[in-house]
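Undergrad: Can you keep this structure in mind? I'll have questions shortly.
Residue numbers (full-length UniProt numbering): 1 to 124.
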């Protein structure tokens with residue numbers, strides 16, 4: 001989506017993986033925003049990140065990610081299928097595309113037999 005990320009993942013130390021993912025992406029995305037002369041919202045975005053960090057003692061100068069995560073444990077196949085369908089339909093319901101596989105960053109492309117920007121492991 002344009003303003004948030006949905007992710008279905010599994011890892012032995014998932015909290016560590018998520019911490020590292022957030023740290024890495026925040027650092028690189030903030031740098032990309034700063035260094036992109038075409039980003040007309042740079043000053044506003046940097047102000048937003050700085051304001052968010054000021055509200056939390058655990059962050060440095062900028063806070064890119066929200067502190068709260070909406071984690072759900074997908075404990076059975078039915079829940080997994082429901083979440084995957086929700087993720088695939090999200091850009092359709094928002095009106096960005098007509099079909100889930102049209103959303104460039106969605107795993108729906110892989111399920112439709114197409115390639116996408118990111119490598120995806122399909123859930124059987």
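Positions of the beta carbon are idealized from the N, C-alpha and C atoms, including for glycine.
Work out the CA separation of residue 95 and residue 4 for me, nearest whole Å.
TA: Straight-line Cα distance between these residues: approximately 16 Å.
Undergrad: Locate the alpha helix (DSSP H) running through residue 49, then write down its first and last residues.
TA: 42 to 54 is the span of the alpha helix (DSSP H), which, as asked, contains residue 49.
Undergrad: Along the chain, where does the alpha helix (DSSP H) that runs through residue 33 open and close?
TA: Unbroken alpha helix (DSSP H) run through residue 33: 14 to 34.
Undergrad: Could you check the C-alpha separation between residue 98 and residue 2 for me, to the nearest Å?
TA: If you take the alpha carbons of residue 98 and residue 2, they lie about 16 Å apart.
Undergrad: Find out if the Cβ-Cβ distance for the pair residue 68, residue 88 is shorter than 8 Å.
TA: Contact: no.
Undergrad: May I ask you to report which of helix, strand or coil DSSP gives residue 100?
TA: In this structure, residue 100 counts as helix in the three-state DSSP scheme.
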